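Per the numbering used here, residue 9 is the first one in the sequence shown, and the count goes up by one each step.
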Amino acid sequence: MGGTATVTKGEAIYEGKAKIIHATSSPDLLIQYFKDDATAFNGKKKGTIQDKGVCNNAISSHIFGLLEKEGVKTHFVSRLSDREMLVKKVSIIPIEVVMRNVVAGSLSTRMGIPEGEQLKEPVLEFYYKNDDLGDPMINRYHISAFNLATDEEVVTIEKEAFRINKWLLSFFDRMGIRLVDYKLEFGRSPEGVLLADEISPDGCRLWDKTTGEKMDKDRFRRDLGMLTEVYEEMKRRVLAAK
Ligand code: TMP
9 MGGTATVTKG EAIYEGKAKI IHATSSPDLL IQYFKDDATA FNGKKKGTIQ DKGVCNNAIS
69 SHIFGLLEKE GVKTHFVSRL SDREMLVKKV SIIPIEVVMR NVVAGSLSTR MGIPEGEQLK
129 EPVLEFYYKN DDLGDPMINR YHISAFNLAT DEEVVTIEKE AFRINKWLLS FFDRMGIRLV
189 DYKLEFGRSP EGVLLADEIS PDGCRLWDKT TGEKMDKDRF RRDLGMLTEV YEEMKRRVLA
249 AK
């Protein structure tokens with residue numbers, strides 16, 4: 009018993025901006041359904057990117073699978089279909105972990121440094137995952153004072169985030185991509201803290217090393233066009249990589 013081959017899809021229990029979470033016939037498993045909906049600026053800008061959900065599911069599934077082989081504990085179980093990923097049930101820790109290798113986006117604005125400057129070491133930032141508040145930046149003291157996570161969980165999250173970053177930098181570099189920055193989410197489960205959500209061009213800045221072309225959701229945020237094309241291209245490169 010307990011095999012995943014017989015899991016059936018149940019009702020939608022949560023709908024986010026880019027994904028729908030379904031219950032399954034197994035109490036410990038959920039199905040993550042990837043939509044084509046795109047939002048930016050805390051939901052103020054809305055649109056769709058054709059086939060984005062298919063690309064993000066394929067990209068995330070491939071990356072999670074490889075991270076598991078590196079010993080990173082994730083919620084990933086299997087890719088069920090084009091748009092569906094079977095995942096372990098977790099309770100999402102309400103912290104968005106942003107890892108930065110290159111100055112871009114809000115860090116560029118905050119520090120007054122132009123986009124593209126290489127950081128001499130990765131920068132990890134925490135944001136409070138709360139759409140109504142626009143995901144404000146927080147630090148370890150806020151996390152502790154407001155009981156968002158235990159000290160032990162924070163230590164695990166930081167350690168895993170730096171380990172994931174090291175691996176992802178080399179992974180994307182091999183396919184000609186500069187990994188600028190990205191967002192990670194973690195969840196609590198009976199197995200401990202697991203990497204959750206997705207790793208896809210929706211939550212990463214990915215720049216082509218040769219052309220400098222943006223290969224991520226900044227094309228939508230900044231109206232740069234070629235949306236489906238870059239998601240498809242990232243899917244092609246990621247799936248060809250090991
Ligand atoms: P930022 O420059 O807007 O702070 O974003 C940093 C990185 O985190 C960028 O790759 C996009 C990602 N991100 C999300 O995926 N979701 C979010 O809600 C935010 C604010 C950032």
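Glycine is no exception: its CB is placed at the ideal position from the N, C-alpha and C atoms. These numbers come from a predicted model, not from an experiment.
Leaving out five residues before and five after residue i in sequence, what residues of the same chain have Cβ atoms less than 6 Å from its Cβ?
i	result
L202	K81, T82, H83, V98, G195
Y1	Outside the displayed span of the chain (9 to 250) sits residue 1, for which this structure offers no information.
F42	K27, G61, N64, N65, R91
R229	A48
Look at the alpha carbon of residue i and the alpha carbon of residue j, and state the distance between them as a whole number of angstroms.
i	j	result
D139	N50	7 Å
E166	D189	15 Å
P130	G113	15 Å
K35	G18	It should be noted that the sequence gives Pro, not Lys, for residue 35. If I take the Cα positions, the gap works out to 11 Å.
L156	V163	13 Å
K132	S116	The question names Lys, but residue 132 in the sequence shown is Leu. Cα to Cα, the separation comes out at about 15 Å.
G184	E241	12 Å
E199	T219	42 Å
I197	G211	This sequence places Ser at residue 197; Ile is not what is there. Each residue's Cα considered, the two are about 23 Å apart.
S33	G24	21 Å
Should residue i go down as buried or exposed, given a rule of 16 or more other Cβ atoms within 10 Å for buried?
i	result
K77	exposed
E206	buried
S262	Only positions 9 to 250 of the chain appear in this structure, which leaves residue 262 out of reach.
S152	exposed
R182	exposed
Going by beta carbon distance, what residues of the same chain come within less than 7 Å of residue i, once the five residues before and after it are set aside?
i	result
E161	I101, V201
L247	A66, H70
G10	For G10, the predicted model reports a pLDDT of 48, less than 50, meaning its position is unreliable; a value from the coordinates is still stated below. The answer is none, since no qualifying residue turns up.
Q126	V110
Starting from the C-beta of residue i, find all residues in its chain whose C-beta is less than 8 Å away, skip the five residues before and the five after it, and write them out in chain order.
i	result
L5	The first residue shown for the chain is 9 and the last is 250, placing residue 5 beyond what the model contains.
D44	T56, I57, Q58, D59, K60, G61
I172	L75, V80, M107, L192, L203
L232	K222, D226
Given 8 Å, three or more beta-carbon pairs between the region 90 to 108 and the region 61 to 80: As far as the Cβ criterion goes, the region 90 to 108 touches the region 61 to 80, which means the pair count is three or higher.
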